[in-house]
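See below for the structure under consideration.
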Amino acid sequence: MYVGYKLEAAIEQLGIDVSGKVALDSGLSTGGFADCLLQYGASFVYGVDVGYGQVAEKIRRHERVCVIERTNLRYLSGLPQKVDLVTLDLSFISILLVMPAVVSVMKEDASLVTLVKPQFEARRSQVGSGGIVRDPTVHQEVLEKIITGVENFGFCSKGWIESPLKGAEGNTEFLVHFSRTAERNAN
Numbered sequence: 000m001y002v003g004y005k006l007e008a009a010i011e012q013l014g015i016d017v018s019g020k021v022a023l024d025s026g027l028s029t030g031g032f033a034d035c036l037l038q039y040g041a042s043f044v045y046g047v048d049v050g051y052g053q054v055a056e057k058i059r060r061h062e063r064v065c066v067i068e069r070t071n072l073r074y075l076s077g078l079p080q081k082v083d084l085v086t087l088d089l090s091f092i093s094i095l096l097v098m099p100a101v102v103s104v105m106k107e108d109a110s111l112v113t114l115v116k117p118q119f120e121a122r123r124s125q126v127g128s129g130g131i132v133r134d135p136t137v138h139q140e141v142l143e144k145i146i147t148g149v150e151n152f153g154f155c156s157k158g159w160i161e162s163p164l165k166g167a168e169g170n171t172e173f174l175v176h177f178s179r180t181a182e183r184n185a186n
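Sequential numbering from 0 applies to the sequence shown in numbering that gives the first Met the number 0.
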């Protein structure tokens, strides 16, 4: 579950408080982010993934995890309770397309940590052969697009880091932390 190291880096470097939080991990896959959330003290994790049968048994059977498979986050109609924290590790879809669903399951003062994968956010013409985005200018453009786009949903960017691990095919990825505060959403 090496993917959890990506989230761990964001938690450590961006000062994200996970302890006692109810979380939604979308893009659950094998459960790397969910495992990291549990290790950092999350009280409960809802794990959503469009796929089926990928989740590691230790996550699937964990008493503080509810696995929701064959579910596209974009069309998630709700959860049994609102969450304090959402993590996104999505592929083949822009983060901005799932934000309405994300907002609908979050508490007013919740946080969001998203893994930004430039190959799925950049324009097709900016993605090189093999699905690799090498141009740092494109990386910056994608980060700005995602940060501005998420902020338009009532969030405030708290910072970002480059992922310590490369993505599939060696892509550079980023983790961005956002907060959603009642004061900001009241405006």
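We treat Cβ as the ideally placed atom computed from N, Cα and C, and that holds for glycine. Note that this is a predicted model, so its numbers are computed, not measured.
Between the alpha carbons of H138 and P117 lies a distance of about 6 angstroms. As computed with DSSP, E161 is found in a beta bridge with F173.
By the criterion of a C-beta distance shorter than 6 angstroms, D88 is surrounded in its chain by G26, F32 and L114, once the five residues flanking it on both sides are discounted. When the beta-carbon positions are compared, I58 and G30 come within less than 8 angstroms of each other. In the structure shown, S25 adopts extended strand secondary structure according to DSSP, grouped into three states.
Membership of K144 in any beta strand (DSSP E) is not indicated; the residue belongs instead to the alpha helix (DSSP H) covering P135 to E150.
Relative to the Cα of Q38, the nearest Cα in the group L96, D16, V54 and Y51 belongs to D16.
Judged by DSSP in its simplified three-state form, A55 adopts coil rather than helix or strand. About 5 angstroms separates the beta carbons of F43 and R63, which is inside the 8 angstroms limit, making them a contact pair. Remark: fewer than three beta-carbon pairs, one from each stretch, lie closer than 8 angstroms, so the stretch 69 to 81 and the stretch 121 to 141 are not flagged as touching.
Around V101, the same chain offers V85 as residues with beta carbons nearer than 6 angstroms, after the five sequence neighbours per side are excluded. L84: member of the beta strand (DSSP E) spanning V82 to L87, first to last residue. Under the DSSP definition of a beta bridge, F43 partners with V21. Here F154 is buried. Its C-beta has 16 or more other C-beta atoms within 10 Å. A straight-line Cα-Cα distance of about 22 angstroms links L6 and T180. As computed with DSSP, S178 is found in a beta bridge with S110 and C155. In this chain, the alpha helix (DSSP H) harbouring V102 covers I94 to S103.
For F119 against I146, the beta-carbon gap comes to about 16 angstroms, at or over 8 angstroms, which does not count as contact.
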